[in-house]
Amino acid sequence: MRRRLAGPALVTATATALVVTGCGSSGSSDSSGSSSASDAKLSVRAAYMPQPVSDSMAAGFLVLANDGTTADELTSVTSDIAQDVTVHETTGQSMQEVAALKIPAGGELVLKSGGDHLMFENLKRKPKEGETVSLRLNFTKSGAITVEMPVRSATYQPTSGH
Ligand code: CU
């Protein structure tokens, strides 16, 4: 089980201040100086997993919206149904694992069939239509978000259009 360290670009701004107040806060030093309003504000919608045809692999899709003023990055995913969950990018006909996917400030990251997606590998059990799969998305700025992802039919197509 490989766990990627989501190194949030640790701005090595040590030296200057010797008084380090407390611990715990993941010291993100914003150059803007705006104290708390500078965060990414993420929300998840339209999550689903088509019932997998394979015993070992499944794909997952969702839309991540960022209503904040700071971009964020999806860096890793975990789920109790699979040993590995990776983030894949589709280019042309092939897909490849990527280290992170960006959610722009005021924008969206759309994971959809034929595009970027989550890949559940080494399934511990095979999800069935009607079930819900729990997963945890890890972000550089926003920490972790838990998503309950419904399992749809193998041929399910979301009807969301613009
Ligand atoms: Cu893939």
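For the sequence shown, counting from 1, position 91 maps to 91 in this note's numbering; every step adds exactly one.
Think of the CB as a built atom: it goes at the ideal place given N, C-alpha and C, for glycine as much as any other residue.
For clarity, every value in this text was computed on a predicted model and none was experimentally measured.
Assuming residue i and residue j are in contact, meaning their beta carbons sit under 8 Å apart, how far apart are those beta carbons, in whole angstroms?
| i | j | result |
| --- | --- | --- |
| E97 | T86 | 5 Å |
| T132 | M149 | 7 Å |
| A58 | L101 | About 18 Å; that fails the 8 Å criterion. |
CB residue i to CB residue j, shorter than 8 Å?
| i | j | result |
| --- | --- | --- |
| L111 | I103 | no |
| N138 | T70 | no |
| S79 | L135 | yes |
For the ligand CU, is there any heavy atom lying closer than 7 Å to the beta carbon of residue i?
| i | result |
| --- | --- |
| G59 | The sequence shown places Ala at residue 59, not Gly. For the ligand CU, at least one heavy atom lies less than 7 Å from the Cβ of A59. |
| M95 | yes |
| M119 | yes |
Can you tell which of the options has the C-alpha that lies nearest to the C-alpha of residue i?
| i | options | result |
| --- | --- | --- |
| Y48 | G130, K124, Q93 | G130 |
| V147 | P158, L123, L62, M95 | L62 |
| Y163 | R45, S43, P52 | In the structure as shown, the chain begins at 1 and stops at 162. Residue 163 is therefore absent and cannot be evaluated. |
| P127 | E73, A82, A99 | A82 |
| L141 | V151, A46, G92, N66 | Note on identity: in this sequence residue 141 is Lys, with Leu being the wrong assignment. Taking only the C-alpha atoms, the option nearest K141 is N66. |
| G92 | I145, R125, G115 | G115 |
Tell me the rounded alpha-carbon separation between residue i and residue j.
| i | j | result |
| --- | --- | --- |
| A105 | A40 | 7 Å |
| D143 | S153 | Note on identity: in this sequence residue 143 is Gly, with Asp being the wrong assignment. C-alpha separation (whole angstroms): 31 Å. |
| T21 | D55 | With a pLDDT of 40 at T21, under the threshold of 50, the modelled position of that residue is not reliable, and no figure is offered here. |
| G107 | E121 | 29 Å |
| L42 | D72 | 9 Å |
| P50 | V151 | 6 Å |
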